[in-house]
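Remarks on the structure that follows.
Number of protein chains: 2
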Amino acid sequence: MSAVPRQAVILAAGEGRRMGGNTPKPLLRVAGREILYRTFSQLRALGVERLVLVTQPRFREEFREFLSRHGFEAEIVLNPHPERGNGYSLYLAREAVEGRFVLVMGDHIYSEVFMERAIKGEGLVVDRSPKYVDLNEATKVVVREGRVADIGKGLSDPDGYDTGFFVLEEDVFEAAEELAREGDVIELSAVVKRAKAPVHEVSGEFWMDVDTPRDLRRARDILVKLAVKGTGDGLVSRLLNRRISTRISALLVDRVSPWQATWATFGVGILAAGLNFASPAAAAVLYQMSSILDGVDGEIARASLRTSPKGGWIDSILDRYVDISYLLSLALAFGVPASLWPVVALALLGSVLVSYSTERYRGAFGADMYERVPALSYLPGKRDERILLSMALVLAGLVRELFLVLALITHLRVALTVLLGSRNAERR
Amino acid sequence: MSAVPRQAVILAAGEGRRMGGNTPKPLLRVAGREILYRTFSQLRALGVERLVLVTQPRFREEFREFLSRHGFEAEIVLNPHPERGNGYSLYLAREAVEGRFVLVMGDHIYSEVFMERAIKGEGLVVDRSPKYVDLNEATKVVVREGRVADIGKGLSDPDGYDTGFFVLEEDVFEAAEELAREGDVIELSAVVKRAKAPVHEVSGEFWMDVDTPRDLRRARDILVKLAVKGTGDGLVSRLLNRRISTRISALLVDRVSPWQATWATFGVGILAAGLNFASPAAAAVLYQMSSILDGVDGEIARASLRTSPKGGWIDSILDRYVDISYLLSLALAFGVPASLWPVVALALLGSVLVSYSTERYRGAFGADMYERVPALSYLPGKRDERILLSMALVLAGLVRELFLVLALITHLRVALTVLLGSRNAERR
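Residue numbers (this note's numbering), protein chains in the order written: chain A, 5 to 432; chain B, 5 to 432.
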């Protein structure tokens, strides 16, 4: 495997006529972040240090303003003849790069997994089975002996599709120079074909190019869905809560910050607790709604690249206080007798200890417990499941039984967590 | 700074007559581990890959057995003439090493901090102000222009003391060879003086050589004291609990495993909880005793190099259950009325959430919260403080007040934890 390239050229000289408006496509926001912000952050996270941006003179100021706003450092290369094609833009970047480099289209969006795999390759990155792209619009590639044999939109029976992501060596500029001497317009596909670039396959991961406002919305929805943090989700989350929360997140991601979502969710939870004194049934439903909303802050944060340790930390503590408030106010509203209070206390403690035991694992082992001990994901008793159960039993009028069941399943779950975690630690 | 050496020579050919018994000194156990086990593990942890052990023929089998028992790989070099001095032992190791290497006395014990600092140096490591060594017995060093000018036990006005730890280059063997030609006995000090070895200072850290059974016991006591994990200790731990627990640990470290200590402490805690129904006063005292014992497992584990993530993880969960059991049984034994039960529940939850909030911080930030936010150490409400407070208030007959105070200080502490942690995260 070759070393990861340290420099990248981003082509952003296109007009983007189908988008309407005057903003260059790479500066359009998708899920709360400019497309270019995503590309730059991802490349930097993968070790790319030098960024070269090719654009046309009339976009220069807009890109400069973008760079300084986010504190990105990038060299801007101007293409005074964008009509000469994106191959010509690449050709103009030849002075700015040395040796191996990434070439990427400024109007393409890629998932982190895609980029991680793509940057390890060499040549044109192709996808044999694109999941998110309109195949009629996509550029097809025919591969012979691991290299580009033909490339174009009209090819039938292609071996894969051009993802707009390349890992190239300096010698590609020779092919570009030849083509520059032969004609006026130089398409990138022609350069790649002339250079007989090698082909590297990354199939099935998310990537797409943005041409229309509809593409933007689709990309947003996909990014939110990919932002679902898999580990730690219970059955209720997977089957119900996430299906609703991702829709809410898609609606909110361009308007609302993760912190706003965290505090709003906390507010709904506390409201549910208070509502116990007026209508336990309504409170139970609102509690379940807060459980659905609980996914939104994390989804927005991940989709818009705004995650922070602080966000995750405080969100967890607030969740514990919502649970405590709800169950305590339910017990008070229900007028629990002294004889049942120890069970209520155990139910409350259990709901905190389920989280404590898995979080303390991460502190001790430095690893996500659900990844290390996947069996744990199938044990019932996670927060999403407890809350739906609470709603169901409260609506059925079985409050006493709810506390009994909660006390039982939570502490049983902690015991099994300790057991499974210990066995796993010994096997290592 | 030079690269850390990849190989080490350990001199273990001495007779150790003052110890009594037939075991070579490096194989004597101090705080549950052979001296040589400590040296080998520490060197390996610092990146030393090749170990060369020089000993005399009659100890060969014992060292071989030691190596295979612990899975250490080391080359054994035999010195058939131990009476010719430790410089001769070094001389015999000349074929086994190449380039830069560590030279260390097999009967010396070093703290991890000492070794970490010493291995970065060059030449003889000296201590200008040894804290743990009998200065009359120690070898003195006179330094001129950063190099050994004179060395010996009888020197007056020394610049430092020989720690028995060296980082040497291959050329030291030339000095050893010269001395071998000149006489029969070669002391290491003479070799170092002849080679005009450079001097590297590491002062004030723990190191000592073991000559007598009394030394062994002293080393054990010091290792246990150094094994106190500073972060997270409350005032009560620092002033009271640790002073007692380290004495208990020193007595137990050669006999008891950390796991046995963990479970015994848990047993005492649960016993204290049960005792609430017979004598709340006795139970409160036993609860405080379990709090003192709670330090023992960690001290034994660290002093005997037996720490494990699993041990820390399970110990934490058991602590939570001891607290829950004690407070719940106290409330039941006291016959708490329904009106006070919400306070009892909050007191119980608070005791778990204090740990949850700091442990979840480690999970999110990958750092010890007490190290990142030292102010937190001075906030009251840690477990050691809560337990002493419980004992005091129960003995004073103020059970109702105890629950009120616990509920208040724990949740207040959580709130301040969130506040301080957030501010710290923003400053980074």
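Just so you know, even glycine gets a beta-carbon here, dropped at the ideal spot from N, CA and C.
Close to A/Leu-393, with beta-carbon spacing below 8 Å, lies no residue of chain B; the smallest spacing is near 20 Å. Straight across, the Cα-Cα distance linking A/Glu-205 with A/Ala-379 is about 33 Å. Within the region 317-328 of chain A, those residues whose Cβ lies closer than 7 Å to any Cβ of chain B are, in chain order, Trp-317, Ile-318, Ser-320, Ile-321, Arg-324, Ile-328.
If you look at B/Val-145, you'll find it in the beta strand (DSSP E) that goes 144-148. Across the structure, A/Gly-18 and A/Gly-89 are spaced so that their CA atoms are roughly 8 Å apart.
Between B/Phe-407 and B/Val-326 a beta carbon distance of about 17 Å is seen, past the 8 Å cut, so the two are scored as non-contacting. For the region 54-122 of chain B, the continuous alpha helix (DSSP H) assignments of 4+ residues that do not extend past its boundaries occur at 64-74, 90-96, 116-122, in sequence order. The three-state secondary structure of B/Thr-311, taken from DSSP, is coil.
Burial is judged here by how many other beta carbons sit within 10 angstroms of a residue's own beta carbon; B/Glu-87 has fewer than 16 and is exposed. Linking B/Arg-68 to B/Ala-254 through their CA atoms gives a straight-line distance of about 29 Å. For A/Tyr-374, the enclosing alpha helix (DSSP H) covers residues 373-376. For B/Gly-401 and A/Asp-258, the gap between their C-alpha atoms comes out near 59 Å. In the structure shown, A/Val-422 falls within a helical segment according to DSSP collapsed to helix, strand and coil. Those residues of the region 342-373 of chain A placed with their C-beta closer than 8 Å to a C-beta in chain B are Ala-342, Trp-345, Pro-346, Val-348, Ala-349, Leu-350, Leu-352, Leu-353, Val-356, Leu-357, Ser-359, Tyr-360, Ser-361, Glu-363, Arg-364, Tyr-365, Arg-366, Gly-367, Ala-368, Phe-369, Gly-370, ordered along the chain. The bridge partners DSSP lists for A/Met-293 come to none.
Among the bridge pairs identified by DSSP, A/Asp-213 is matched with A/His-112. For A/Gly-278, no chain B residue has a Cβ inside 8 Å of its Cβ, as the nearest lies near 15 Å away. The shortest CA-to-CA distance from A/Ala-49 to any of A/Val-117, A/Thr-59, A/Leu-107 is the one to A/Val-117. For B/Leu-408, the nearest beta carbon of chain A is not closer than 7 Å to its own beta carbon. Within the model, the alpha-carbon separation for B/Asp-323 versus B/Met-212 is close to 36 Å.
For A/Ala-179, the enclosing alpha helix (DSSP H) has its first and last residue at 176-186.
Among the CB atoms of chain B, one or more fall inside 7 Å of the CB of A/Pro-313. When beta bridges are read from the DSSP output, A/Phe-169 appears opposite A/Val-108. Chain A has no Cβ within less than 7 Å of the Cβ of B/Ala-153. Cα atoms of A/Val-189 and A/Tyr-92: separation of roughly 7 Å, rounded to the nearest angstrom. A Cβ of chain A is located within less than 7 Å of the beta carbon of B/Ala-429. CA-CA distance, B/Thr-143 to B/Thr-269, rounds to 44 Å.
Annotation note: the region 326-382 of chain A contains the following uninterrupted alpha helix (DSSP H) runs of length 4 or greater, listed N- to C-terminal: 345-369, 373-376. Three or more beta-carbon pairs separated by less than 8 Å link the region 63-82 of chain A to the region 30-46 of chain A, which places the two stretches in contact.
Take A/Ile-296, set aside five residues on each side of it, and the residues of its chain with a beta-carbon closer than 7 Å to its own are Asn-245, Ile-248, Ser-249, in chain order.
In terms of Cα proximity to A/Pro-346, the closest of B/Tyr-360, B/Ser-359, B/Ile-328, B/Ser-355 is B/Ile-328. Excluding the 5 residues flanking it on each side, A/Ala-231 has same chain C-beta neighbours closer than 7 Å at Glu-303, Arg-306, Ala-307, in chain order. Within chain B, the residues placing a beta-carbon under 9 Å from that of A/Gly-425 are Lys-314, Trp-317, Ile-318, ordered along the chain. For A/Leu-397, the nearest beta carbon of chain B is not closer than 7 Å to its own beta carbon. When the five nearest sequence neighbours on each side are left out, the beta carbons in the same chain lying within less than 7 Å of the beta carbon of B/Leu-383 are those of Arg-417, Leu-420, in order along the chain.
Secondary structure of B/Gly-273 (DSSP, three-state): helix.
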